[in-house]
Amino acid sequence: MPSFSKGSSVMPISRRRLLQGVGAGAALSLAGLPTRLFAQEKIKVAAVYTVPFEQQWVSRLHLAANAAKEAGEIEYVATENVSNTDYERVMREYAEQGYQLILGEVFGVEDEARAVAADYPEVAFLMGSSFPADDAVPNFAPFDNYIQDASYLSGLVAGAMTKTKNIGLVGGFPIPEVNRLMHAFMQGVRETAGDDTKFQVAFIGSWFDPPKAKETAFAQIDAGADILYAERFGVSDAAKERGVLAIGNVIDTQSEYPETVVATALWDFKPTLDKALSEIRAGTFKAADYGVYSFMKEGGCALAPLGTFEDKVPDEVKKLVAEKEEAIRSGNLVVEINDTEPKSS
Numbered sequence: 207m208p209s210f211s212k213g214s215s216v217m218p219i220s221r222r223r224l225l226q227g228v229g230a231g232a233a234l235s236l237a238g239l240p241t242r243l244f245a246q247e248k249i250k251v252a253a254v255y256t257v258p259f260e261q262q263w264v265s266r267l268h269l270a271a272n273a274a275k276e277a278g279e280i281e282y283v284a285t286e287n288v289s290n291t292d293y294e295r296v297m298r299e300y301a302e303q304g305y306q307l308i309l310g311e312v313f314g315v316e317d318e319a320r321a322v323a324a325d326y327p328e329v330a331f332l333m334g335s336s337f338p339a340d341d342a343v344p345n346f347a348p349f350d351n352y353i354q355d356a357s358y359l360s361g362l363v364a365g366a367m368t369k370t371k372n373i374g375l376v377g378g379f380p381i382p383e384v385n386r387l388m389h390a391f392m393q394g395v396r397e398t399a400g401d402d403t404k405f406q407v408a409f410i411g412s413w414f415d416p417p418k419a420k421e422t423a424f425a426q427i428d429a430g431a432d433i434l435y436a437e438r439f440g441v442s443d444a445a446k447e448r449g450v451l452a453i454g455n456v457i458d459t460q461s462e463y464p465e466t467v468v469a470t471a472l473w474d475f476k477p478t479l480d481k482a483l484s485e486i487r488a489g490t491f492k493a494a495d496y497g498v499y500s501f502m503k504e505g506g507c508a509l510a511p512l513g514t515f516e517d518k519v520p521d522e523v524k525k526l527v528a529e530k531e532e533a534i535r536s537g538n539l540v541v542e543i544n545d546t547e548p549k550s551s
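Numbers 207 to 551, taken from my numbering, label the letters of the sequence shown in order.
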C-alpha cells in the first residue's frame, strides 16, 4: 500500500454546491469504461476515507469490502483519515496505480472527486455523495445510506419505551444523510408515543468527536430526555452513565451497552458493493443512483435483534414492528424520505 499523508477530517456543512470542476469538457463516452472481466479475476478496489475505519458510516463500507476480499472477489486497500485538502491527490494516486474501483465518501470534495473521475474514464468510482448521478461523468456512481426504513422501525420501539415523552437526538451535521434518518425515527416515535412527544435535536458539527457528542447528550438528559438517538459515537456512553436508554444507528453496539442500547437501525453496504462489482465484471458500470440498494427491500438495512431488550419491549409493539417491516419489504409501506433539517419541538 502506498504511503499517503493523513490528516484530521472536518467536513464542511454545505454539500449542495454547484459542480464547478466538471464542465462540458468532462463529457465521457461509455467506451472508456472497464471492459468485461473474466469471472475468476479479482477486481482491484481502493478506498479513500476521511475518518477512521471504526467510524460508523465508513465502518460499513470497510466491512463489506473486507468481506469481499476474504471471499476472494477483490483485492482491497484503503486509506483512512484523509483530509479534504488531500483527498483528490490520494484518489489520483490510486487511479494511477491501476485500481479498477475507487470507493469513498466525497461529501466535502464533490467538485474535486468528479473532476478526478473525469480524468480516469477507465476507472469506476463508487462514492458517497449528496449529488445525483451525472451522465457527463458516466464512470461516477453516487450512493448514500438510505436506511430510513430501519430508522422508522427503531422509532416505533423508542416510542414504546419512553416514559417522559422527551427524546434527544444527537447528529453530526444537518445534512440529508442525517436528516432523513432522524425524521423517519421521529415518525416512528410519534406512532407509538403520541404526537405530543418532545424532541431535542442537536448537531455537533463533526463526524467523529465522541467527547462533544457525549457532552451534548448529557445536556439533553439534563433537559428531561430518557431516550437518546445516537447518530454519533459518544451518545450511548452518556446514556449508559446516566441510566437512560439509547437507539443505535448504522452499527449494532448493544454488546457494548447491553443495558442501554434498545434497538439499532443497521446499514449493510454489501448489496451496494455487490451491484457495483457485478456491473464492473460485465463491463456495464455507469453513472446511476446506488442509494436504492440501502433500502430494506433490497437488503441494505434492517432492525437489529432486540437482544437483551427482547423481553422488555411490549409484545404488542414487537408485533407492530413485525407488521410494519413486512409491509416495507413488500412495498405496501413506503417510509417518507424527508431531507429537511429536523428541529426541536
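Beta carbons are placed, not taken as given, at the ideal position from N, Cα and C, and that holds for glycine. Bear in mind that the values here come from a model prediction, so they are computed numbers and not experimental data.
Burial state of V257 is buried, judged by a 10 Å Cβ sphere holding 16 or more other Cβ atoms. In this structure, E316 is the residue among E316, A271, G513 with its C-alpha nearest to the C-alpha of D340. In the structure shown, T285 falls within a strand segment according to DSSP collapsed to helix, strand and coil. Residue burial annotation: P520 is exposed, with fewer than 16 other C-beta atoms found within 10 angstroms of its C-beta.
If the five residues before and after T470 are omitted, its C-beta is found closer than 6 Å to the C-beta atoms of G454, D458, A510, all from its own chain and listed in chain order. As DSSP reads the structure, T470 sits in a beta bridge with G454. Between the alpha carbons of S536 and K503 lies a distance of about 7 Å. Beta-bridge pairing by DSSP links I543 to no other residue. Looking at the DSSP output, F259 sits in no beta bridge, so it has no partner there. Per DSSP, I353 has no beta-bridge partner at all.
Looking at the backbone, the Cα of E279 and that of E260 are separated by about 23 Å.
Boundaries of the alpha helix (DSSP H) around M297: 290 to 302. If you check the CB distance, F337 and L307 do not come in under 9 Å. Taking a C-beta distance under 9 Å as the contact criterion, A399 and G365 qualify as a contact pair. About 11 Å separates the Cβ atoms of V468 and S442, ruling out a contact at the 8 Å cut-off.
Within a 10 Å sphere around the beta-carbon of K549 sit fewer than 16 other beta-carbons, which makes this residue exposed. In the three-state scheme derived from DSSP, where H, G and I count as helix and E and B as strand, G365 is classed as helix. Q306 carries a coil assignment under DSSP once its states are collapsed to helix, strand and coil. Looking at the backbone, the Cα of A425 and that of G513 are separated by about 28 Å. Between the C-alpha atoms of E542 and I534 there is a straight-line separation of about 11 Å. The beta-bridge partner set that DSSP reports for N372 consists of K404.
Leaving aside the five residues that flank F475 on each side, the residues in its chain whose CB is nearer than 6 Å to its CB run, in chain order, R266, L267, A270. Note on G497: 16 or more other CB atoms within 10 angstroms of its CB, so buried under the neighbour-count rule. Proximity of the stretch 345 to 356 to the stretch 406 to 425 falls short of the contact definition, fewer than three beta-carbon pairs being nearer than 8 Å.
In this structure, the CA atom of A493 is about 18 Å from the CA atom of Y305. Measuring C-alpha to C-alpha distances from A431 to each of L309, K371, N287 identifies K371 as the nearest.
Nearest C-alpha to A273 among R386, F501, L479: L479.
A Cβ-Cβ separation of about 15 Å leaves G394 out of contact with L434 under the 8 Å criterion.
Secondary structure at K476: helix, using DSSP grouped into helix, strand and coil. It is roughly 16 Å from the alpha-carbon of L375 to the alpha-carbon of D545. The DSSP-derived three-state label of A436 is strand.
In the DSSP assignment, V527 falls within the unbroken alpha helix (DSSP H) covering 521 to 536.
Taking C-beta separations shorter than 8 Å and ignoring five residues to either side along the sequence, the partners of E547 in its chain run P380, N385, following chain order.
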